[in-house]
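Participant: Structure below; questions to follow.
Protein chains in written order, with my numbering: chain A, 16 to 1047; chain B, 7 to 217.
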């Protein structure tokens, strides 16, 4: 076993399960249950990264989500790359491959490191703003270099093979944080019968119980934890989500939580026990890699605990400088002791625990260390900033023979790639200056504790500003309007007994607020042994013998290289608001949101400004608490499920025919049906000529269809359409034009009178849902007195459109309806049977040819279609798609709303003034809008036809039109539709042109990239202007 | 003629294709979530619109179908023997499902008993019914909708129209672990694919999702 820092006794790792992983190309071993961070520390890997600005070597400083330095690129293959993974949050799995994200060209030899050493002093806050502004043309070069040198990981360039999931939860009570407070709250609330969800960011529930030694109810913490978890597991109404970070706390107690599913190697009932290798996985069904939990909770308990603040001193970023509490976490959870000679610096009693744990581990491992000839692990000294403090903990340290240096601080760490020693000096009682001689002590690890910062982030997400609690020396959650409770260390209370009591009480209060009453018994409140503590002092930034600006760098924000000198300078340069200091220095802008350094930054700002911390306040925290992947945001809404795809009943037939498809709204519609060897244009020419000369068949099922019934249906239509509907006889159809209040065309289609009180409205394919809403809007808000009901029947009816001169002969062979021109004229409909299937047949035409739209109940649509096609063989029936339909309708000058209109086009602009009824008693929607002066004035864009002077030249749809090719900025219109017509043997187009109706015959120009093309303005009807063909 | 009432069904209804007839096996892969999907094909679906206070509506429903008209929101009423279910959809809308062979007769009967103020619309071909059942049925729903489908909030017989993934579904609880989904025909393929995808996950990690 090469894990030089691995010791026995780790509570969360399996010593029998060694697993291999790779860091920067080198193979290492870790244990199942390790985080990537603990495994790297176990292997004695000191330097994981180079810092952002100065390229300084950086190592692991924390054990949780607050870690600023250990940001790695994870993934064995290009497809499975995950950038910016925090090593302290990544569970180790077999075959994990990771590398540093910073350090160019290599981690050992960093370019920025050199620049940082040589010029660091010349890079004050705002350096980039101040320097790279000039000369302007150099920015591209600066940017190129900076993007290579700075920045973090890289995104994968190929498709992610993994799946990501979303899951909704509703609960009476959500508890965020499963430490002593959260678990106690869950136990209490769980008994009440309330639906409880408890989650924790760590893969194992328990929080600080996983690494502390204090007994609870007389039991070792691990035993108490196991018992509590067992109790909770037994409750059906309690759901536990380990390894799930609450990342966003939104209004109405909606919480978004992010779970890393696939790599959980141990845990509780929700955890996937299966070991899954992100890279080489082929098992099916699979586990998602990550899951987003969307939790809607009646009550929320924040039991998020607190994060320890390291102290700010010179070279505090050297690998080997670590949070005191993180030392205990690595020792107790993972069996990792990340060094040999520890110096501990603290401002409070809590820090001593790390020294005790280190000492105990050193004693336990003494024999084996000696056997291997390794240096003994020991605590060299404890440096306590308090002038005189005494408590049982301190006495325990003293009686272990460890030197305690009071009233002093580490003012500087020494070393190049790892701490080699520390400089210690006496400081004054306020921590403002060095008062004594400097002593140098040799060590390889410096743990520091500067007190605790409650995790107030989630509380901030809903707009609640944290407030400074002077007695506890930390920011605590402020007033909130959410149904939110706080328990445990988040309130600033750090003694275990109080934390447990708060947990129980918050569980009771929250359950009560959710409507579940219960009373607490003594058994509900766990008792912890009381440990007497000496009070801590508030100290953040330690003095140096040199001034802050001259002393070696004292880092506040590690991830973005913000030093105490930078913050002092920012304050001196006039940045007084802490929000401005943040933006000027980048304090707290990293992916860790400055979890370690924010309070120190606030304190330094306050000191320079001569204000209190309370007056200075803190910056706000926004979602997400910790970064989440894009994959988890997307969930299952990707690939073929990105958006619903709607199919008609004929889809399978279209696919068999090799149709190419076009997206129309969410529908898939056949675009054209190429035969082998045909180009798209070949296919369109063939389809167009077939319809003009023989017969074609189109799947028109996607057209919106709204069934309207009620005694007032005619009056309603009269108001909603621009044309008249009161007298349309039953059995007939009419084309209708619909406008918005502004008088602009929004939809068109044919509506049929099925009965005196019963109409069927057709809408455009894409507009169906909006038009139904439009009808409901007017009915429900303005015209409630009209007795009418709307129902969508779009999906009920499958529509096969036969179009072409032979359509009558074809259809007559299959139906009992008399199709003769006298019995069934144009713009009529009939009911009958087609191929034995009850059908409604509408004689309407969008191609200008004799056409029948045959509607049958959709379950019989495919059957009907097959019958029409097989019977149609003798007539050379040709299936045609939407593109042919577009060409044919454009030849007839029929507009498509949304293509030839754009929301600024009135019926008059389209030359459809004939569809405006002047005689309506009630008026109609849009009448007043289109009467506005602007809609009546000259210069409006009007629909015209265009014939390119070169008949082979296809104008681009959307291209601009000008009157004078020398002045291409003077645009007078644009092309809306443009096609090659096999019928006409030339290209043609529809366009909106200013005053187009008065410019027939004029020449207009379309400036292209290389040349200008010419076209003649004409009437927009290119074929059969008298409409004889559709009326036969 | 005030309303067009027509039989939509041919003489041999077997020639029809239900919306998911092309989908092949509807079942999610073995080893995924414990779930079974069936399409209830060729049922009659009738939308009934009218004023819920009009006594003739409740009377017509009762006389013709032997069902109580659900007037409270989100309720449904069922005659299991006849295979008829009537669901409250909105204050003036109900959805009746019944065996396909009774459809024409029932529609004509309702039309005869109700005057022009009521609308009856046959949507049998425009939507389809799925039954989702199994230990993990509720779990799959929770992956698909933000509506609270826990038994406490969503008991047997309750009917809601929900956003389901990126589409819409009318959802009714049949029992603790079975649900009825009514989906638009053109969205049926998407919804089935969605359910299939959501269910093709190793269920061991999720099996005890109680909330």
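All C-beta atoms, glycine included, are put in the ideal place defined by N, C-alpha and C.
Select from the region 730 to 753 of chain A all residues with a C-beta closer than 8 Å to any C-beta belonging to chain B, and list them in chain order.
Facilitator: Going along the region 730 to 753 of chain A in chain order, one finds 745 with a Cβ nearer than 8 Å to chain B.
Participant: How would you list, in chain order, the residues of chain A whose beta-carbon sits under 9 Å from the beta-carbon of residue 161 of chain B?
Facilitator: The contacting residues do not exist; residue 161 of chain B stays about 14 Å from chain A at best.
Participant: Counting only the same chain and skipping the five closest in sequence on each side, list residues whose C-beta sits under 6 Å from that of residue 100 of chain A.
Facilitator: Correct list, in chain order: 87 and 89.
Participant: At 4 residues or longer, and completely inside the region 721 to 772 of chain A: list those alpha helix (DSSP H) runs for me, N to C.
Facilitator: Entirely contained in the region 721 to 772 of chain A, the alpha helix (DSSP H) runs reaching 4 residues are, in chain order, 728 to 735.
Participant: State the CB to CB distance for the pair residue 1002 of chain A and residue 1038 of chain A, rounded to an integer number of angstroms; the pair is presumed to be in contact (CB under 8 Å).
Facilitator: Rounded, the Cβ-Cβ distance is 14 Å, inconsistent with contact.
Participant: If we count the other Cβ atoms within 10 Å of its Cβ and call it buried at 16 or more, is residue 111 of chain B buried or exposed?
Facilitator: By the neighbour-count rule (16 or more Cβ atoms within 10 Å), residue 111 of chain B is not buried but exposed.
Participant: Assign residue 207 of chain B to buried or exposed, taking buried as 16 or more other Cβ atoms, counted over all protein chains shown, within 10 Å of its Cβ.
Facilitator: Counting Cβ neighbours within 10 Å, residue 207 of chain B comes out buried, since at least 16 surround it.
Participant: For residue 734 of chain A versus residue 992 of chain A, is the C-beta distance shorter than 9 Å?
Facilitator: No, they are not a contact pair.
Participant: Using the C-alpha atoms, what's the distance from residue 355 of chain A back to residue 403 of chain A?
Facilitator: Cα to Cα, residue 403 of chain A sits roughly 28 Å from residue 355 of chain A.
Participant: For the region 143 to 160 of chain B, list every residue whose C-beta sits within 9 Å of some C-beta in chain A, in sequence order.
Facilitator: Going along the region 143 to 160 of chain B in chain order, one finds 145, 147, 148, 149, 150, 151, 152, 153, 154, 155, 156, 158 and 159 with a Cβ nearer than 9 Å to chain A.
Participant: Would you kindly work out how many angstroms separate the C-alpha atoms of residue 104 of chain A and residue 521 of chain A, rounded to a whole number?
Facilitator: Residue 104 of chain A and residue 521 of chain A: Cα-Cα distance of roughly 28 Å.
Participant: Which of helix, strand or coil does DSSP assign to residue 683 of chain A?
Facilitator: Three-state result, residue 683 of chain A: strand.
Participant: Spatial neighbours of residue 176 of chain B within its chain, please: C-beta separation below 6 Å, excluding the five flanking residues on both sides.
Facilitator: Taken in chain order, the residues that qualify are 167 and 188.
Participant: Buried or exposed: which applies to residue 831 of chain A, given that a residue is buried once 16 or more other Cβ atoms fall within 10 Å of its Cβ?
Facilitator: Exposed.
Participant: Taking the alpha-carbon positions, what's the residue 1011 of chain A to residue 989 of chain A distance?
Facilitator: Cα to Cα, the separation comes out at about 11 Å.
Participant: Of all the alpha helix (DSSP H) runs that stay within the bounds of the region 939 to 975 of chain A, which reach a length of 4 or more residues?
Facilitator: Fully enclosed alpha helix (DSSP H) runs of 4 or longer: 948 to 951.
Participant: Short of 8 Å in beta carbon distance, which residues of its chain neighbour residue 307 of chain A, apart from the five on each side in sequence? Order them along the chain.
Facilitator: Same-chain partners within the cutoff: 179, 180, 181, 182, 271, 272, 273, 274, 643, 647, 648 and 650.
Participant: Please confirm whether residue 66 of chain B has its beta-carbon closer than 9 Å to some beta-carbon of chain A.
Facilitator: So, not an interface residue.
Participant: Below 8 Å on the Cβ atoms is my guess for residue 856 of chain A versus residue 867 of chain A; work out the distance and round it to an integer in Å.
Facilitator: Correct: roughly 5 Å between the Cβ atoms.
Participant: For residue 251 of chain A, is the classification buried or exposed, using 16 other Cβ atoms within 10 angstroms of its Cβ as the cut-off for buried?
Facilitator: By the neighbour-count rule (16 or more Cβ atoms within 10 Å), residue 251 of chain A is not buried but exposed.
Participant: Pick out whichever of A/262, A/203, A/226 and A/231 has its Cα sitting closest to the Cα of residue 214 of chain A.
Facilitator: The option with the nearest alpha carbon to residue 214 of chain A is A/262.
Participant: Tell whether a beta-carbon distance below 9 Å holds between residue 724 of chain A and residue 131 of chain B.
Facilitator: Not closer than 9 Å, so no.
Participant: Could you please give me the residues that DSSP links to residue 463 of chain A through a beta bridge?
Facilitator: In the DSSP output, where bridge partners are listed per residue, residue 463 of chain A has A/338 and A/360.
Participant: Residues in its own chain within less than 7 Å of residue 514 of chain A by CB, not counting five upstream and five downstream?
Facilitator: Closer than 7 Å at the Cβ level, and outside the excluded window around residue 514 of chain A, lie 195, 196, 503, 504 and 508.
Participant: Going along the region 649 to 663 of chain A in order, which residues come within less than 8 Å of chain B, judged by CB to CB distance?
Facilitator: Cβ contacts with chain B come from 651, 652, 655, 656, 658, 659, 660, 661, 662 and 663.
Participant: Residues in the same chain with beta-carbon distance under 6 Å from residue 209 of chain A, minus the five sequence neighbours each way, listed in chain order, please.
Facilitator: Closer than 6 Å at Cβ, skipping near neighbours: 187, 188, 526, 529 and 531.
Participant: Taking DSSP's pairing of strands, which residues face residue 72 of chain A in a bridge?
Facilitator: Answer is A/65, bridged to residue 72 of chain A.
Participant: Can you grab the Cα-Cα spacing for the pair residue 371 of chain A / residue 561 of chain A, in whole Å?
Facilitator: Taking the straight line joining both Cα atoms gives about 33 Å.
Participant: Answer yes or no: does any C-beta atom of chain B fall closer than 9 Å to that of residue 706 of chain A?
Facilitator: Taking Cβ atoms only, chain B never reaches closer than 9 Å to residue 706 of chain A, which makes this a no.
Participant: In three-state terms, what does DSSP make of residue 293 of chain A?
Facilitator: Because the pLDDT at residue 293 of chain A is just 37, under 50, the model does not fix this residue reliably, and the point stays unresolved.
Participant: Thinking C-beta only, is residue 199 of chain A closer than 9 Å to residue 539 of chain A?
Facilitator: Contact flag set, yes.
Participant: Report yes or no: is there a C-beta of chain B within less than 9 Å of the C-beta of residue 184 of chain A?
Facilitator: For residue 184 of chain A, the answer is yes, since a Cβ of chain B falls inside 9 Å of its Cβ.
Participant: If you check the beta carbons only, do residue 29 of chain A and residue 106 of chain A fall under 9 Å apart?
Facilitator: No, the pair does not count as a contact, with Cβ atoms beyond the cut-off.
Participant: With which residues is residue 179 of chain A paired in a DSSP beta bridge?
Facilitator: A/305, per the DSSP bridge assignment.
Participant: Helix, strand or coil: how does DSSP classify residue 12 of chain B here?
Facilitator: Note: residue 12 of chain B maps to coil in three-state DSSP.
Participant: Where residue 177 of chain A and residue 248 of chain A are concerned, what is the direct C-alpha to C-alpha distance, given to the nearest angstrom?
Facilitator: Taking the straight line from one Cα to the other gives about 30 Å.
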